[in-house]
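Residues 1 to 145 (this note's numbering) make up the sequence shown, in order.
Where is the CB? At the ideal position from N, CA and C, for every residue including glycine.
In this text, all values refer to a predicted model and were calculated from it rather than measured experimentally.
Below is one structure, written out as C-alpha cells, with a few remarks after it.
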Amino acid sequence: MNELPPDPPRLRAILAHLDTQLADTETVATYLRLQRDAVRAALSRADRTAAPRPVPTAPRQPRRQLPRSEPTGGTSGQQVGLVIEEQQEGGRPTGGMVHTAACMPHMHLRPISPDVARRALATDAAFFSPCPLCRPDTELGIDIA
C-alpha cells in the first residue's frame with residue numbers, strides 16, 4: 001500500500017471508509033448468493049417438471065446462389081481476372097463481393113468470368129457488390145450507382 005498519513009484523524013477516516021466499503025461489499029455478496037441459490041432452486045424444479053422442448057430455430061430463408069463461372073472469352077477485347085468472395089453468416093451465403101484477381105487475398109474466393117461479374121453487379125446489386133478497393137466495376141467498364 002502507498003504511504004499512509006502520520007496523523008490519527010486521517011488514519012481514522014481512512015479506516016472508517018475501508019470498513020464501510022467492506023460492509024457494502026459483504027451486503028452485495030450476500031444478495032448475490034441469495035439470488036444464485038434461488039435460481040438454482042428454480043432450475044432444479046423446472047428440470048424435474050418440464051419435458052424436454054425442442055429448441056426453436058429461425059425460419060429458413062431461401063438460399064441465394066452465387067453465380068457459377070462461365071468459360072472466359074467474352075466479347076470484350078481485354079480480359080480481367082475476377083473472383084467473387086462469398087460472404088457468409090452461419091454457413092449460409094449472405095452476399096458476394098466481386099474483386100479483381102490482383103486484389104488482396106480474401107477467404108471463400110471463386111473465379112468468375114467478366115460476363116458473370118457484370119451480370120451479378122448489374123442485376124442483383126442488393127446481393128452482390130464491387131470491392132471498394134480494387135473497383136472491378138471500373139475494370140469492367142460499368143457504373144454502379
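Within its own chain, the residues whose Cβ lies closer than 7 Å to the Cβ of Gln88, once the five positions on either side in sequence are excluded, are Thr94, His108, listed in chain order. Residue nearest to Gly81 within the set Ala13, Val39, Glu139, Thr30 is Glu139 (criterion: CA-CA distance). Where Ile112 is concerned, there is no enclosing alpha helix (DSSP H), although the beta strand (DSSP E) around it starts and stops at 109 to 112. If you look at Pro93, you'll find it in the beta strand (DSSP E) that goes 92 to 100.
By the Cβ-count criterion, Thr49 is exposed, with fewer than 16 other Cβ atoms from all chains shown falling within 10 Å of its own Cβ. Setting aside the 5 residues that flank it on each side, Leu121 is surrounded in the same chain by Val98, Phe128, Pro130, Asp137, Ile142, Ile144, each with a C-beta closer than 7 Å to its C-beta; the list follows chain order.
In the three-state DSSP reduction, Glu3 falls in the coil class, being neither helix nor strand. Collapsing the DSSP output to three states places Ile14 in a helix.
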